[in-house]
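In my numbering, the protein residues as written are 3 to 905.
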């Protein structure tokens, strides 16, 4: 089969792994080197893909090369002859990176041996340095259209580092995939690692697709992302920095044709003949393993000893175990100890059950050739894989592929990844000696018909799910994924952009700034113990409010009592409970009252809207809600308002009075642009035939004590009596959750609960709530670790609309057609309330760029695009905001620079 060219595949495939598939040896005396292809491991896994796909392989040659001339010659030779690019690491980095962190920390941790690790910060520094060297070398070669496939735990920081080094346009033109060949431990084990967050971010920060051998490993990875990083997980991925990282299961396979063909070679047939002669009339069990503690060789030997003890008929040469233990990491103390233990057990079993003529265990402590390996597979009656934890274990696949006509039986550990794929094997728990021994006995005594049935099941799977299919499936899925880097191109908001917009505006400026997740990190604590704003944040808000013609509003989902407590003494506006209440800065509120009081008196001859003059306004004084001095809370059950009364405009005593034109109010459908609050089309007068100006529709507002305006038509929270018991029921069932009762809204917060259990309970609560509120004018808002019930007619866009209208009303005589700077910063999660606000501001922008005569975009208005700036904290997968800032610290730094540039 011809290999696909770059043009045919739409770009190059770049394979990146710790080691190159080349064994390199150097001669110090002659300054020369020799190369030969390696076998086993990832080389075997990718051998199938190499049949029809051409790729370039990047990796460490595994030796120290100090001479720059030799590095250059080796690089040219490997690229030309092997399509490989060597990454040269300094000796100090290579040792601490590979032996110290990879083999000393990650390998035992990922295989559930945390007692074997001892964390050393210097080793992690070397790990970071090695990943950075890989990234720098790789970044120089990457071209548009390339597909980069990074392999295994040695390079978990590489995707993120590579993402940082590539130019955004180039990054949007390539795909990066990461595949972990080892198990990924459960979050309870993984969280032991001191740098647990850094590795997760390293993988997610640049990968488009992350692959695992089994569903369990993928599930553990996503669970760690949710529990440790607090990320939102989908069934097939994780949302990270505004994009979805695909997480999938891709079990690896082998090239079965290689083993089937090898069976017919003369060398293999010669080995088979000698083995059958040597072990005539003997049941042969084989074990092919590296000498590693995860392979459970001591457990296997203990079980075999127990088997011979329980079944004497298998002694005296009737059953043998041929165990091949390939040496591994002989310089590590743990492996040296393991070698001594295995040697001792082999001697103990042979000494107890052996005779002068035969021994039950044949122990081979060296590597074997491919021909010897295939011959052993072919003559074996049983293959025993006893790993205590294994990513996949391809020995089981190789055994099946080599058993042509033999119908051998596979005894497979349930902790090997292959156990989830190979239906037909005898699955055992290697930690249970009796169970493992019984599995061996069942395999030796299995009837021929059942052996044949099981073998055909296994053979069909091995022949179908090959290494070639594994590689092609992963690469094709990676190529097919949407490029979030290109689709979601949010620009970072810089102070220069905001300062330019500030100085370009000759009218007024409005800053809407969220509190939780923007000015301060989101607090999971009870409201009464919530973290108050820092002195730096308060000082910053005060300074921003002193900018000329600038109004600052702090928006929050918290109650107005808490906002009063935290910001009541500052010259800023406040918005509480996601738009249910808002309050202007003191100087603006006073100015607005003066504007309303300065309007001329008008006689009202009847009900609202039926006067001879301009349409009158209906004012409804809100009930007096006084904050409790002991609890710092407003009452959560407000009495019903009194009946409307008709007064003249100049009798209004506050901006918080209810203004309406005698019509039903819907804040969603009755949109009033704050930048063009002009009268409605003229309405002919019935008496005089002249035209009368219709007042614009305004949101209803009730004035409460303290200058707060209420946007809820009927602040009646009696509905909470039916919902609160349900919230309390789920609070009892979900440790760490609590109910946050406010004046209007009711929130169930589970930020302190177990992430997965909390999400499960929230989904169940949502379903039950829908059955209760389906006939009420209420909305269920599922936020980040919250479920909130609130009136459906009010949101943060409603509050922003009212605020902007009040500002325009106050300064209309000097600020007509003004475009405000509006900085809507959302919390760290994709918050629907702020997306509504962003969408509203974008609609205002669109409306301001339309020529009212022909409804087409006016080119003269395009320059106004930067007059409305919407910014979210953290990249979002789908956001109405135009810009983003990375985090709370970046928001603070941005506002400091913005203030300094606007003074």
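Backbone N, C-alpha and C fix where the C-beta goes; we use that ideal spot for every residue, glycine too.
Leaving aside the five residues before and after residue i along the sequence, list all residues of the same chain whose C-beta is less than 8 Å from its C-beta, in chain order.
i, result
"residue 111", "119, 187, 191, 192, 194, 195"
"residue 885", "492, 493, 494, 495, 499, 871, 872, 873, 874"
"residue 774", "724, 725, 728"
"residue 317", "310, 355, 362"
"residue 794", "779, 780, 781"
"residue 351", "303, 306, 307, 310, 362, 363"
"residue 230", "189, 192, 193, 198, 199, 202"
Enumerate in chain order the residues of its own chain whose CB-to-CB distance from residue i is below 6 Å, with the five nearest sequence positions on each side excluded.
i, result
"residue 421", "414, 429"
"residue 234", "241"
"residue 534", "568"
"residue 399", "256, 464"
"residue 215", "253, 393, 394, 419"
Taking the C-alpha atoms as reference points, what is the distance between residue i and residue j?
i, j, result
"residue 904", "residue 513", "13 Å"
"residue 444", "residue 411", "9 Å"
"residue 374", "residue 766", "59 Å"
"residue 889", "residue 203", "15 Å"
"residue 360", "residue 347", "17 Å"
"residue 137", "residue 163", "6 Å"
"residue 894", "residue 555", "16 Å"
"residue 294", "residue 792", "59 Å"
"residue 148", "residue 463", "32 Å"
"residue 133", "residue 402", "38 Å"
"residue 33", "residue 72", "7 Å"
"residue 332", "residue 735", "52 Å"
"residue 86", "residue 75", "13 Å"
"residue 84", "residue 482", "28 Å"
"residue 90", "residue 456", "48 Å"
"residue 176", "residue 168", "10 Å"
"residue 280", "residue 274", "10 Å"
"residue 850", "residue 505", "Model confidence at residue 850 stands at a pLDDT of 49, short of 50, so the residue's coordinates are unreliable and nothing is read from them."
"residue 116", "residue 406", "41 Å"
"residue 470", "residue 77", "28 Å"
"residue 302", "residue 395", "16 Å"
"residue 327", "residue 292", "5 Å"
"residue 217", "residue 189", "15 Å"
"residue 124", "residue 98", "7 Å"
"residue 887", "residue 165", "18 Å"
What does a CB cutoff of less than 7 Å around residue i pick up in its chain, not counting 5 residues either side in sequence?
i, result
"residue 497", "896, 899, 900, 903"
"residue 408", "380"
"residue 209", "161, 178, 179, 180, 247"
"residue 122", "102"
"residue 801", "577, 581, 584, 713"
Checking the sheet assignment: what are the DSSP bridge partners for residue i?
i, result
"residue 585", "576"
"residue 181", "153, 213"
"residue 365", "325"
"residue 415", "430"
"residue 494", "886"
"residue 392", "418"
"residue 513", "554"
"residue 16", "58, 150"
Rounded to whole angstroms, how far is the Cβ of residue i from the Cβ of residue j, which I believe are closer than 8 Å?
i, j, result
"residue 22", "residue 477", "Not confirmed; about 20 Å, so no contact."
"residue 426", "residue 460", "4 Å"
"residue 17", "residue 57", "5 Å"
"residue 749", "residue 790", "4 Å"
"residue 154", "residue 19", "6 Å"
"residue 287", "residue 384", "4 Å"
"residue 219", "residue 391", "Contact flag wrong, Cβ pair sits at about 11 Å."
Can you confirm whether residue i, when its beta carbon is compared against all beta carbons of chain B, has any partner nearer than 9 Å?
i, result
"residue 754", "Annotation note: the requested chain B is absent from the structure, which comprises a single protein chain."
Among the options, which has the Cα closest to the Cα of residue i?
i, options, result
"residue 575", "91, 41, 587", "587"
"residue 225", "759, 776, 800", "759"
"residue 146", "432, 268, 722, 171", "171"
"residue 541", "551, 573, 152, 887", "573"
"residue 564", "518, 221, 432", "518"
"residue 1", "80, 81, 82, 67", "This structure does not reach residue 1, given that the chain is present from 3 up to 905, and the question cannot be answered."
"residue 559", "721, 340, 796", "796"
"residue 752", "721, 769, 771, 784", "784"
"residue 523", "510, 511, 438, 539", "539"
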